[in-house]
């Protein structure tokens with residue numbers, strides 16, 4: 056399996072296909088890309104509900120997409136991302152020192168995880184360098200591999216959701232398009248997990264998973280309006296005018312706690328650095344919640360906007376853009392994985 060920091064190389068690349076597979080708690084998303092010469096093109100995409108039988112959904116995706124090798128990712132308590140100052144060394148020396156140094160900074164035994172690292176800055180004072188360490192528990196990886204193999208799929212690259220998101224964002228949004236001080240947050244609000252990623256000049260400086268998401272909004276609406284999950288989801292996304300105020304109030308009551316956790320991440324980053332987060336780029340299934348951008352911006356006092364993961368990807372006429380727009384904000388992780 057490949058390094059989690061590998062990326063598609065455009066220059067002189069022969070035509071090839073790549074598959075990003077994002078297995079979430081409520082749905083499975085797949086993006087298929089074709090890379091040729093200096094062009095990356097969307098071939099196909101899919102989003103299917105996954106609550107019932109993940110293996111069966113994966114078999115359907117394999118059949119529809121013609122996938123075999125897929126790039127996958129993980130999030131949550133079994134994954135760790137750390138930013139650590141190392142003594143300055145080259146990549147080979149880092150590889151040799153990684154297990155020893157990583158054990159000081161991760162909550163698991165290094166024997167229980169798959170480890171990887173990337174040098175972010177090698178010119179820090181006192182002959183130091185900044186290194187990103189990523190770790191995923193082996194048990195979680197093998198559980199996922201077993202499910203994939205049951206559907207006739209094999210993992211190619213194993214990643215972490217937050218890093219896949221950053222990959223997709225940086226590909227589509229060059230540094231010149233960011234605010235002058237360039238400290239921004241990519242916020243991915245999924246069903247049960249929210250990824251907080253702070254970038255400074257396109258470089259990841261803080262990543263954190265919060266164990267709350269859009270399902271918390273939905274459950275609140277289920278309680279208030281006595282609805283099942285599916286009906287409450289629809290109400291959350293398309294509120295009728297006569298219920299809009301009550302729905303907004305219900306979502307805000309839950310969002311306040313989530314926004315407080317997000318603010319804690321911002322405060323920690325800002326206490327360690329000289330710059331503040333000045334803009335939030337929102338994605339994830341919960342981003343479809345009516346009025347969420349405005350409510351979140353009010354809670355945090357920071358502008359919030361959506362971002363387009365296909366901004367720099369060629370969309371051919373064979374792709375149903377209406378269907379693609381329906382899943383806007385939900386394919387970002389899968390796209391970032393396909394770009395590996």
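Residue numbers (the working numbering): 56 to 395.
Even for Gly, the Cβ is constructed at its ideal location relative to N, Cα and C.
As the structure is a computational prediction, the values presented were derived from the model and not from experiment.
Contact check for residue 174 and residue 146: beta-carbon distance about 7 Å, within the 8 Å limit, so the pair qualifies.
The C-alpha of residue 116 lies about 10 Å from the C-alpha of residue 123. Judged by their CB atoms, residue 265 and residue 247 are not nearer to each other than the 7 Å cut-off. Within the same chain, Cβ atoms closer than 6 Å to the Cβ of residue 82 are found at 102, 104, 105, the five residues on either side in sequence being excluded. Apart from the 5 residues on each side of it in sequence, residue 149 sits with its Cβ closer than 8 Å to the Cβ of 141, 172, 174, 186 in its chain, given in chain order. Nearest to residue 164 by alpha-carbon distance, out of 177, 179, 134, is 134. Linking residue 205 to residue 261 through their CA atoms gives a straight-line distance of about 35 Å. Residue 332 sits in coil when the DSSP states are folded into three classes, being neither helix nor strand. Per DSSP, residue 202 lies in no beta strand (DSSP E); the unbroken alpha helix (DSSP H) holding it starts and ends at 193-205.
Of all alpha-carbon atoms in 257, 342, 317, the one lying nearest the alpha-carbon of residue 288 is that of 342. In this structure residue 306 is not in contact with residue 238, their Cβ atoms being roughly 27 Å apart against a cut-off of 8 Å. When rounded, the separation of the alpha-carbon atoms in residue 273 and residue 284 is 7 Å.
Nearest Cα to residue 112 within the set 85, 94, 368, 95: 85. Between residue 304 and residue 263, the C-beta gap is not smaller than 7 Å, which leaves the two residues out of contact. The C-alpha of residue 127 lies about 33 Å from the C-alpha of residue 354.
CA-CA distance, residue 344 to residue 293, rounds to 8 Å.
Rounded to whole angstroms, the separation of the alpha carbons of residue 75 and residue 121 is 13 Å. When DSSP states are grouped into helix, strand and coil, residue 358 belongs to the coil group. In this structure, residue 359 places its C-beta atom within 7 Å of the C-beta atom of residue 348. With contacts defined as CB atoms closer than 7 Å, residue 362 and residue 382 fail to qualify as a contacting pair.
In terms of Cβ geometry, residue 169 and residue 193 form a close pair [threshold 7 Å].
Secondary structure of residue 161 (DSSP, three-state): coil. Beta-carbon to beta-carbon, residue 314 and residue 282 are separated by about 25 Å, too far to satisfy the 8 Å threshold. When the Cα atoms are used, residue 188 and residue 199 turn out to be separated by approximately 22 Å.
If you draw a 10 Å sphere on the C-beta of residue 380, you find fewer than 16 other C-beta atoms in it, and that means exposed. Distance check between residue 202 and each of 159, 180, 114 places 114 closest, using alpha-carbon atoms only. In this structure, residue 276 lies away from residue 387, with their beta-carbon atoms at least 7 Å apart. Per DSSP, the unbroken beta strand (DSSP E) holding residue 260 starts and ends at 258-265. The C-alpha of residue 371 lies about 19 Å from the C-alpha of residue 391. Pairing residue 216 with residue 338 gives a Cβ-Cβ distance that is not under 7 Å. Within the region 124-194, the complete beta strand (DSSP E) segments at least 3 residues long are 124-129, 134-142, 168-179, 183-192, listed from N- to C-terminus.
Between residue 209 and residue 323, the alpha-carbon positions lie close to 39 Å from each other. Taking the CA atoms as reference points, residue 374 sits about 38 Å from residue 311. For residue 249, the enclosing beta strand (DSSP E) begins and ends at 249-255.
The alpha-carbon separation between residue 270 and residue 143 amounts to approximately 44 Å. Per the C-alpha coordinates, the member of 110, 378, 87, 384 positioned closest to residue 207 is 110.
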